[in-house]
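Visitor: Pasting a structure here, questions to come.
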Amino acid sequence: HDVVFVDRFNGYAWIDGVLKVNHVNVLFIDRTSKYEFRLEISLLGTVERHNLAVFGTPLTIKSKNFRVSCFIFRQNNNCLEFCKELERFREVYSIDALPCFKHWPPDHPSKPDEGWNRFGLSTDFARMGLPNTSWVEFSNNFYEHCDTYPSVMFVPKAADLETILGSASFRSRQRFPILTWIHPNGRSVICRSSQPLSGLTGKSKHDQELLKKIRLAGLSEAALTTKGPLPFTTRLPPNLYVVDTRPRLNALTNRAQGKGYEDENVYEDITFRFVEIPNIHVVRASLEKMLSAYHMPKATMMELNQAVDKSSWLRILRTIMEASYFISSRLMTDDDEGYGYSFLVHCSDGWDRTAQVCSLAQLFVDPYYRTFEGFQALVEKDWLHFGHKFGSRCGQTRLVDPREIAPVFTQFLDCTRHLVEFLPTAFEFNTRFLAALHDHSQSGVFGTFVGCSEKERVNFDLANRTPSSWTYFANRRSLYLNPLYQPSEEYRKASEMASDRPPHIISPLPAFVTSPHLYRSVYVTPKLGYFALRSQKA
1 HDVVFVDRFN
11 GYAWIDGVLK
21 VNHVNVLFID
31 RTSKYEFRLE
41 ISLLGTVERH
51 NLAVFGTPLT
61 IKSKNFRVSC
71 FIFRQNNNCL
81 EFCKELERFR
91 EVYSIDALPC
101 FKHWPPDHPS
111 KPDEGWNRFG
121 LSTDFARMGL
131 PNTSWVEFSN
141 NFYEHCDTYP
151 SVMFVPKAAD
161 LETILGSASF
171 RSRQRFPILT
181 WIHPNGRSVI
191 CRSSQPLSGL
201 TGKSKHDQEL
211 LKKIRLAGLS
221 EAALTTKGPL
231 PFTTRLPPNL
241 YVVDTRPRLN
251 ALTNRAQGKG
261 YEDENVYEDI
271 TFRFVEIPNI
281 HVVRASLEKM
291 LSAYHMPKAT
301 MMELNQAVDK
311 SSWLRILRTI
321 MEASYFISSR
331 LMTDDDEGYG
341 YSFLVHCSDG
351 WDRTAQVCSL
361 AQLFVDPYYR
371 TFEGFQALVE
381 KDWLHFGHKF
391 GSRCGQTRLV
401 DPREIAPVFT
411 QFLDCTRHLV
421 EFLPTAFEFN
431 TRFLAALHDH
441 SQSGVFGTFV
451 GCSEKERVNF
461 DLANRTPSSW
471 TYFANRRSLY
481 LNPLYQPSEE
491 YRKASEMASD
501 RPPHIISPLP
511 AFVTSPHLYR
521 SVYVTPKLGY
531 FALRSQKA
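In the UniProt record's numbering, the protein residues as written are 1 to 538.
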């Protein structure tokens, strides 16, 4: 179609060209055929056709990666025809209709893609020294105990099957407390779960017992196997911190509906804390307000900053980062016995705010996750294997309820970007990598982020039918490395180090956490950022 592209970042210049659409891309080529830009069909968000004007029919396309593209069709009929074609190609009603099932990147190996095996869950836990005398592998074969958890996870060795299954029946979606990270000394841990189904008066002896086992898992094997009361001289760990990432009011509302939170009067030796991170509906609205601020016509810088501030986007990021640092700073040993605090983190179902806080806390304390491959392993573990609903949160098919779509993973990447920018030598990867990772999570061109759980990916046989994002990044590793990176001392297990020697934690609390700023290169397309030479490969 003969159209005009309105370049908002070049003085609203009108650029004549040709607009094409197929089942893969929307492609605009300028009249000289020298420059082009393309939008992947699977990244398209909303398409808005405006009223016919003297100069033609305006069309605005907003993408999931925050690009806003404005076109003007000289002929209204051409605009109508283009919109019909676009809708036809966007009609994805099932996961196996996504682009990753139809197209195989030429630089990837033949099927199956080895990238699916690059970051196994068991491999990362083995790096942490698991299993050990306190933590053992728990099998979730055929996802019989919890269909949104991975097939392999770690629980306290002292917890029997009855205790674990009893806790699962008392937790939302059967997402009982499981381990995600352990301190090198084998004592302090981060566990994650969903909210308890406590209601106003409900209790579960099994759930109480499992939390007790988590707290005591750092004791020596001799102490753990002692029957009856422990010797008077035994040094017990401090209280288990239970961090509920929801606002207090939301948790109280859920309690009236039969759900709720852990009561310090019911659970022994816990310290409970609310964090006040808003739910997905508030977060979605916040992002929409923030993006709208950048499309206000002729707004002054003061008006723009005020609009961004009113969106609360940056305040939410600050809350997430403060909660993560709170956890990381208390995991560390603070006495001769080598005890820091252990944590159980949850929200409502344990797959949104829980993933954000747990994974960011691990970035603070574990230098491996600050490497290029380590960060991918962290995303694989805490987001993919532990059941973040990428399929729903990214709206991968037309059947997804719009109220389920939310920028949860976007927030995590934005928080990480703050760390990378303000600690320029601490991370092996750059912010370009984070932006590319965000595009992969939204596009459906690779199978890595498709679906809502490990079970769904197994059922659709994604590992044998689709390419992996991790192979893509491995093939382009040099593009995403930070030249200023200074390696930290690697995470070393207790068997390789003194038990009171902590990993390399980012400390003290970086000042930027209290004053985050906007990720302009992602939320606002940079000047002339649309076009590339046609001879360049995407």
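Idealized CB from N, CA, C, for every residue including glycine.
Have a look at A285 and R315 and give me their C-alpha separation to the nearest angstrom.
Guide: If I take the Cα positions, the gap works out to 14 Å.
Visitor: Report the partner residues of I29 according to the DSSP bridge assignment.
Guide: According to DSSP, which records beta bridges pairwise, I29 is partnered with V18, E36.
Visitor: Could you spell out the range, first to last residue, of the beta strand (DSSP E) harbouring K62?
Guide: Run containing K62: 57-63, per the beta strand (DSSP E) assignment.
Visitor: DSSP three-state call for E262: helix, strand or coil?
Guide: If DSSP states are grouped into helix, strand and coil, E262 belongs with coil.
Visitor: Alpha carbon to alpha carbon, what distance is there between D160 and A222?
Guide: In this prediction, A222 scores a pLDDT of 49, lower than 50, which makes its location untrustworthy; the coordinate-derived value is nonetheless stated afterwards. Cα to Cα, the separation comes out at about 18 Å.
Visitor: How would you write the range of the beta strand (DSSP E) that Y241 sits in, first residue to last?
Guide: Start and end: 240-244.
Visitor: Using the DSSP secondary-structure output, state which residues sit across from T271 in a beta bridge.
Guide: Answer is Y241, bridged to T271.
Visitor: Would you decide whether G17 is buried or exposed? Buried here means 16 or more other CB atoms lie within 10 Å of its CB.
Guide: Counting Cβ neighbours within 10 Å, G17 comes out buried, since at least 16 surround it.
Visitor: Looking at the secondary structure, which residues open and close the alpha helix (DSSP H) in which H281 lies?
Guide: Taken as a continuous stretch (DSSP letters only), the alpha helix (DSSP H) holding H281 covers 280-293.
Visitor: Where K64 and N132 are concerned, what is the direct C-alpha to C-alpha distance, given to the nearest angstrom?
Guide: Looking at the two C-alpha atoms, the distance is approximately 43 Å.
Visitor: Kindly confirm or deny that the segment 39-47 and the segment 83-90 touch, where touching means at least three C-beta pairs closer than 8 Å.
Guide: Output reads yes: the segment 83-90 touches the segment 39-47.
Visitor: Between which residues of its own chain and F170 is the CB-CB distance below 7 Å, once the five residues before and five after are set aside?
Guide: These residues qualify, in order along the chain: P196, L197, S204, H206, D207.
Visitor: Which residue wins for smallest C-alpha separation from V21, given the options E40, R31, A13?
Guide: The option with the nearest alpha carbon to V21 is E40.
Visitor: Can you list, in chain order, the residues of its chain with a C-beta nearer than 6 Å to that of S359? Leave out the 5 residues immediately preceding and following it.
Guide: If we look at S359 and ignore the five residues flanking it on each side, its Cβ neighbours are L378, D382.
Visitor: Grab the span of the alpha helix (DSSP H) containing F138 for me, first residue to last.
Guide: Taken as a continuous stretch (DSSP letters only), F138 belongs to no alpha helix (DSSP H), being part of the beta strand (DSSP E) at 135-139.
Visitor: Can you tell me whether DSSP reads L518 as helix, strand or coil?
Guide: Correct three-state label for L518: coil.
Visitor: What residue from A97, G56, H108 has the CA that sits closest to R476's CA?
Guide: The option with the nearest alpha carbon to R476 is H108.
Visitor: For L44, which residues does DSSP report across the bridge?
Guide: In the DSSP output, where bridge partners are listed per residue, L44 has S63.
Visitor: Alpha carbon to alpha carbon, what distance is there between D96 and F460?
Guide: Each residue's alpha carbon lies about 7 Å from the other.
Visitor: Counting Cβ pairs closer than 8 Å, one from the segment 351-366 and one from the segment 385-395, do we hit at least three?
Guide: The segment 351-366 is in contact with the segment 385-395.
Visitor: Per DSSP, P196 forms a beta bridge with which residues?
Guide: Its beta-bridge partners are R171.
Visitor: Out of L121, L481, S441, Y480, which one is the CA nearest neighbour of L98?
Guide: For the residues L121, L481, S441, Y480, the minimum Cα distance to L98 belongs to S441.
Visitor: Does the distance from the CB of P516 to the CB of H418 come in under 8 Å?
Guide: It is a contact, given that the beta carbons lie within the stated cut-off.
Visitor: How would you label E188, buried or exposed, when you count the other beta carbons within 10 angstroms and need 16 or more for buried?
Guide: Reading off the sequence shown, one finds Ser at residue 188, where the question assumed Glu. Buried, because 16 or more other Cβ atoms sit within 10 Å of the Cβ of S188.
Visitor: Run through the segment 329-392 for me and flag every whole beta strand (DSSP E) of 3 or more residues, listed as ranges in chain order.
Guide: Correct list: 343-346.
Visitor: Among D2, I270, E91, N239, which residue has its Cα nearest to the Cα of N77?
Guide: Among D2, I270, E91, N239, the Cα nearest to that of N77 is on D2.
Visitor: Give me the residue from T466, Y472, D309 with the minimum Cα distance to C100.
Guide: Comparing Cα positions, the closest option is T466.
Visitor: What residue range does the beta strand (DSSP E) around F142 cover?
Guide: Per DSSP, F142 belongs to no beta strand (DSSP E) and is neither H nor E.
Visitor: Taking 8 Å as the cut-off, decide whether the C-beta atoms of N25 and R38 are in contact.
Guide: Yes, Cβ-Cβ distance for N25 and R38 is below 8 Å.
Visitor: Please report the residue range of the beta strand (DSSP E) in which D7 lies.
Guide: Its beta strand (DSSP E) spans residues 2-7.
Visitor: How far does the alpha helix (DSSP H) with T123 in it extend, from its first residue to its last?
Guide: Run containing T123: 121-127, per the alpha helix (DSSP H) assignment.
Visitor: Look up C83 in the DSSP assignment and give the residues it is bridged to.
Guide: Bridge partners of C83: none, in fact.
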